[in-house]
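Undergrad: Take a look at the following structure, please.
Residue numbers (this note's numbering): 1 to 96.
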């Protein structure tokens, strides 16, 4: 894809990265991306799980989503069960 692509920024500041560009960058849903601004230009780049260092809730969710993709199905189910149990304990035993 050599020609520039123009997209409209929506009211929440979102823009869709075209599928062809995502494929070229080897990006898929659940990947962690780093946004940075230099000289008024925004850069978007895919990062690996080891690069994630922020502890805010969005970063942690992205980290967990990326980590789950590397696990086998049995480990995914075990993790989901532990998360559900923790959520139920935090809610005083209420069903989520």
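C-beta: ideal position from N, C-alpha, C; glycine also. Owing to the predicted nature of the structure, the values given are computational and were not obtained by experimental measurement.
Should residue 110 go down as buried or exposed, given a rule of 16 or more other Cβ atoms within 10 Å for buried?
TA: The requested residue 110 does not occur in the structure, where the chain is confined to residues 1 to 96.
Undergrad: Alpha carbon to alpha carbon, what distance is there between residue 64 and residue 86?
TA: Using only the alpha carbons, I get a separation of about 15 Å.
Undergrad: Can you name, in chain order, every residue of its own chain whose Cβ lies under 6 Å from the Cβ of residue 62, other than the five neighbours on each side?
TA: If we look at residue 62 and ignore the five residues flanking it on each side, its Cβ neighbours are 32.
Undergrad: Which residues does DSSP pair with residue 39 in a beta bridge?
TA: DSSP, once it has assigned bridges, lists no residue as partnering residue 39.
Undergrad: Hey, residue 66 and residue 13: beta-carbon distance below 8 Å or not?
TA: No, they are not a contact pair.
Undergrad: Which value, in whole angstroms, describes the spacing of the CA atoms of residue 42 and residue 60?
TA: Rounded to the nearest angstrom, the two C-alpha atoms are 22 Å apart.
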